[in-house]
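The opening residue of the sequence shown carries number 63 in our numbering; numbering runs sequentially from there.
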Amino acid sequence: MSYSNLLECTRRGLYCPAGDFYVDPWDRVDHAILTHAHADHARWGCKRYLAARSSEALLKVRLSNSIDLQTLDYGETLRIHNALVSLHPAGHILGSSQVRIEVDGKVALITGDYKLQPDPTCSAWEPVRCDLMVTESTFGLPVFQWPETQLVIKQLVAWWHENQKQGRTSVILAYSVGKAQRIIAEVVRLCGVEVAKDMAVHGAMLGPNRAYRNSGIEIPDLPSAASLSSDHDWSKALILGPPSSQGTGWIKRFSDPSIAMASGWMAIRGTRRRRNVDRGFVLSDHIDWPDLLRAIDACRPETVWVTHGFTDVVARYLMHQGIEAEVLQTHFSGDESEPIISEDA
Ligand SMILES: [Zn+2]
Ligand SMILES: [Zn+2]
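Here it is as structure tokens:
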């Protein structure tokens with residue numbers, strides 16, 4: 063099956079010839095549609111952008127206030143030359159979208175990063191019927207099956223309380239756009255908003271937190287740990303920092319901290335030790351194996367293009383199921399790339 067007028071993978075990114083636009087390009091192009099605000103999808107320097115209305119505040123924090131950005135509500139359709147374009151919730155982070163492109167009755171769906179697990183900080187993923195589906199496979203192995211979020215948050219709060227008893231600061235390493243806000247929202251939902259007085263964040267999270275609040279997501283206005291006085295008592299505190307803060311001077315301000323990491327990679331034995339953290343919480347904003355199969359089943363594509371992650375495994379599995387599948391070489395990295403200790407973990 064050829065989709066040549068609908069979508070092709072070029073050296074600048076995924077391109078729709080009929081609409082003359084790119085989706086999450088990795089080069090500076092004239093017209094870019096962005097699935098979400100993470101750095102491997104939203105690049106600076108394009109002339110015009112199109113994205114979901116709910117992603118506007120976050121995109122402007124990450125790119126610039128001065129970008130030329132047109133927004134669409136989820137489900138709203140826009141004609142761009144000979145293509146019909148609409149955006150649908152991806153459930154990944156605030157404002158994350160799947161891009162539906164229709165040309166001559168054929169439909170492509172670019173899912174971006176997505177997950178099916180409930181998340182109080184963004185709209186829930188919706189299935190979109192399509193002929194060609196482009197999916198990530200960051201966690202595309204049967205070993206990745208996420209536990210219930212409520213259960214993970216309960217474990218996290220129990221760990222925090224245990225540290226409080228021992229007078230140790232609890233530090234959670236989590237990606238500063240999406241994961242951090244999700245954890246804050248879930249902890250407050252479980253424990254009540256009064257626990258916010260014992261919580262603080264790394265300065266890198268202030269901008270994203272503000273963008274979430276400005277977009278109507280209820281998370282408390284937590285202070286930056288660095289802004290509090292040097293004799294502040296941290297013994298009861300829960301602090302969120304990006305994975306890149308591990309081993310830096312920022313973390314050394316806390317006396318005898320217990321350090322945890324919240325990531326899908328924590329599902330694999332040995333990762334916690336390799337990452338040199340005391341606790342691992344299995345919490346991911348990416349789709350796990352059973353949900354990946356469920357999502358493909360619900361969208362009923364004829365062809366699937368598989369990008370970043372365990373692409374070969376997923377493509378082979380789908381072909382066994384009678385679905386045409388191809389591995390796509392893209393520049394998307396997955397926000398939880400395991401081997402690199404960066405903020406993207
Ligand atoms: Zn992402
Ligand atoms: Zn990504």
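We treat Cβ as the ideally placed atom computed from N, Cα and C, and that holds for glycine.
DSSP three-state call for residue i: helix, strand or coil?
| i | result |
| --- | --- |
| residue 221 | helix |
| residue 88 | coil |
| residue 373 | helix |
| residue 145 | strand |
| residue 382 | helix |
| residue 214 | helix |
| residue 187 | coil |
| residue 281 | coil |
| residue 75 | strand |
| residue 176 | coil |
| residue 367 | strand |
| residue 69 | coil |
| residue 82 | coil |
| residue 241 | helix |
| residue 249 | helix |
May I ask you to list the residues that DSSP assigns as paired with residue i?
| i | result |
| --- | --- |
| residue 261 | 300 |
| residue 192 | Residue 192 pairs with nothing; no bridge assigned. |
| residue 308 | Answer by DSSP bridge pairing: none, since residue 308 is not bridged. |
| residue 409 | Limits of the chain in this structure are 63 at one end and 407 at the other, which puts residue 409 out of reach. |
| residue 140 | 147 |
| residue 343 | 324 |
| residue 159 | 151 |
| residue 481 | In this structure the chain extends from 63 to 407, so residue 481 is not present and cannot be described. |
| residue 233 | 301 and 321 |
| residue 335 | In DSSP, residue 335 forms no bridge with anything. |
| residue 110 | 93 |
I need the straight-line Cα distance from residue i to residue j, nearest angstrom please.
| i | j | result |
| --- | --- | --- |
| residue 407 | residue 147 | For residue 407, the pLDDT reaches just 33, beneath the cut-off of 50, and the residue's location in the model is therefore unreliable, although a value from the coordinates is still provided. Whole-angstrom Cα-Cα distance: 31 Å. |
| residue 295 | residue 323 | 22 Å |
| residue 308 | residue 379 | 37 Å |
| residue 312 | residue 276 | 27 Å |
| residue 89 | residue 112 | 16 Å |
| residue 76 | residue 135 | 22 Å |
| residue 62 | residue 176 | Outside the displayed span of the chain (63 to 407) sits residue 62, for which this structure offers no information. |
| residue 362 | residue 168 | 13 Å |
| residue 141 | residue 230 | 56 Å |
| residue 82 | residue 94 | 9 Å |
| residue 99 | residue 116 | 11 Å |
| residue 390 | residue 143 | 26 Å |
| residue 151 | residue 216 | 27 Å |
| residue 384 | residue 395 | 28 Å |
| residue 257 | residue 299 | 9 Å |
| residue 265 | residue 288 | 7 Å |
| residue 357 | residue 290 | 45 Å |
| residue 262 | residue 70 | 44 Å |
| residue 92 | residue 85 | 11 Å |
| residue 421 | residue 336 | A question about residue 421 goes unanswered here, because the residues of the chain that appear run from 63 up to 407. |
| residue 191 | residue 360 | 7 Å |
| residue 393 | residue 139 | 28 Å |
| residue 232 | residue 338 | 15 Å |
| residue 377 | residue 79 | 25 Å |
With distances taken Cα to Cα, identify the nearest neighbour of residue i among the options.
| i | options | result |
| --- | --- | --- |
| residue 349 | 300, 229, 325 and 333 | 325 |
| residue 153 | 327, 263 and 240 | 240 |
| residue 387 | 393, 159, 374 and 201 | 374 |
| residue 170 | 176, 234 and 160 | 160 |
| residue 204 | 393, 394, 196 and 372 | 372 |
| residue 165 | 64, 93 and 299 | 64 |
| residue 212 | 235, 253 and 196 | 253 |
| residue 156 | 122, 293 and 360 | 122 |
| residue 187 | 199, 174 and 194 | 174 |
| residue 259 | 244, 359, 251 and 282 | 282 |
| residue 302 | 317, 285 and 74 | 285 |
| residue 181 | 245, 340 and 321 | 245 |
| residue 367 | 343, 195, 223 and 222 | 195 |
| residue 364 | 377, 200, 193 and 273 | 193 |
| residue 106 | 87, 269 and 118 | 87 |
| residue 344 | 329, 333 and 96 | 329 |
| residue 316 | 297, 332 and 331 | 297 |
| residue 234 | 221, 333 and 269 | 221 |
| residue 226 | 128, 355 and 318 | 318 |
Buried or exposed: which applies to residue i, given that a residue is buried once 16 or more other Cβ atoms fall within 10 Å of its Cβ?
| i | result |
| --- | --- |
| residue 179 | buried |
| residue 124 | buried |
| residue 255 | exposed |
| residue 158 | buried |
| residue 130 | exposed |
| residue 381 | exposed |
| residue 183 | buried |
| residue 114 | buried |
| residue 347 | buried |
| residue 402 | Its pLDDT being 34, under 50, residue 402 is placed unreliably in this model, and the value from its coordinates should be taken loosely. Classification for residue 402: exposed. |
| residue 370 | buried |
| residue 271 | buried |
| residue 331 | exposed |
| residue 310 | exposed |
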